[in-house]
Amino acid sequence: MTELEAATFPRVSHLLTPVQPLYPLFASVVEGRQRGRIFADRATKPEAALVCHIPGRIYAVCGNPANRGFLSALPALLATGPPSETAWWGFVTDAVAWGAPLDIRFAGTLQKGRGISFDLHPETFRRRPDWRTRIPVGYEMRGMTGDLVDVTAAQLPEGFPFPWESADHFTANGFGLALWRGDEVASIAFAYAGAVQSGHIEIAIYTAEAHRRRGCATLACSTFIEHALDLGMTPTWHCDAGNPGSIALATTLGFQRRGEHTMYSLPE
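Quick note on numbering: the sequence shown equals residues 76 to 343 in the working numbering.
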């Protein structure tokens, strides 16, 4: 197992495809748009890799599941976690290809959770009522630009990290919209990660407790999706299988379930 230099990250781009769970996060690392580290079976023409998305504290295992050298080195690397300023919480992969090799290598000790991947059906989304006509009295939709980036991000709760290093970093690589009521953010929809080369962008959504069950999240996400489509980007949506609210919101917005994926973690 070897760690790649940032300049060589694109060498693993062929190991990631848009059907990879949380693809925009890992593609953004490969493209150098967000902080990350990549470990591969070899430095040149790698066949398997561990791609680490540091802001999200999540990793992807990708490539050839029959690569014995990579599989042999993986448990020791994951046991300590690739060094970073935050603790990692798990990794995702194609369970169909990697499930059996991982179970054998980790002797059945991996904990497993279920996640759901969604693809947007643009025509279904466009049939929805115009969000502009549905903003409640007293609320206002604002873009996350300039000083509003930091002001808006500061209202995210602890445990919901803003994955961009600065306002300039965010505006250069993503965008976001927020529904405000006075000086309070009701709901935020922003790019958690974006892969410009493939045109995929991952939505993150947060709604303040006092403004939930009022349609605020639907409004913020609708604005985000419309803007993404205008830019020629493809929004993606992932969530835990045990999050019925997120599943319902995705369906309302015109996302269609692509399938489930396995989320792995080591026992504490």
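Virtual Cβ for every residue (Gly too), placed ideally from N, Cα, C.
Bear in mind the structure is a predicted one, so any value in this text is a computation, not a measurement.
- Within the same chain, and ignoring the five residues on either side of PRO150 in sequence, the residues whose Cβ sits closer than 7 Å to its Cβ are ARG180, PHE181.
- In this model, ASP169 and THR119 are separated by some 23 Å (Cα to Cα).
- Counting the other Cβ atoms within 10 Å of the Cβ of THR155 gives fewer than 16, which makes it exposed.
- Rounded to the nearest angstrom, the Cβ distance from SER192 to ARG288 is 26 Å, too far for a contact under 8 Å.
- If you compare the alpha carbons of PHE84, GLU198, GLU80 with that of THR309, the shortest gap goes to GLU198.
- Note on geometry: alpha-carbon atoms of VAL87 and HIS336 lie some 21 Å from one another.
- With respect to the C-alpha of ALA325, the residue from GLY274, HIS196, ALA81, ALA253 having the closest C-alpha is HIS196.
- For a cut-off of 8 Å, the C-beta gap from ALA261 to ALA283 is around 6 Å, short enough to register as a contact.
- In the displayed model, LEU91 falls within coil according to three-state DSSP, outside both helix and strand.
- Counted as a single uninterrupted DSSP element, the stretch harbouring ASP205 is not any alpha helix (DSSP H), since DSSP gives it neither H nor E.
- Shown here, THR293 sits in a helix according to DSSP, grouped into three states.
- Three or more beta-carbon pairs separated by less than 8 Å are not found between the stretch 170-179 and the stretch 76-87, which leaves the two stretches without contact.
- For THR293, the closest alpha carbon among the candidates LEU306, HIS313, ALA115, ALA264 is that of ALA264.
- Closest option to PHE101, judged by alpha-carbon separation, among MET76, CYS137, ARG117, ASP116: CYS137.
- Between the beta-carbon of TRP239 and that of THR298 there is about 19 Å, and that puts the pair past the 8 Å contact cut.
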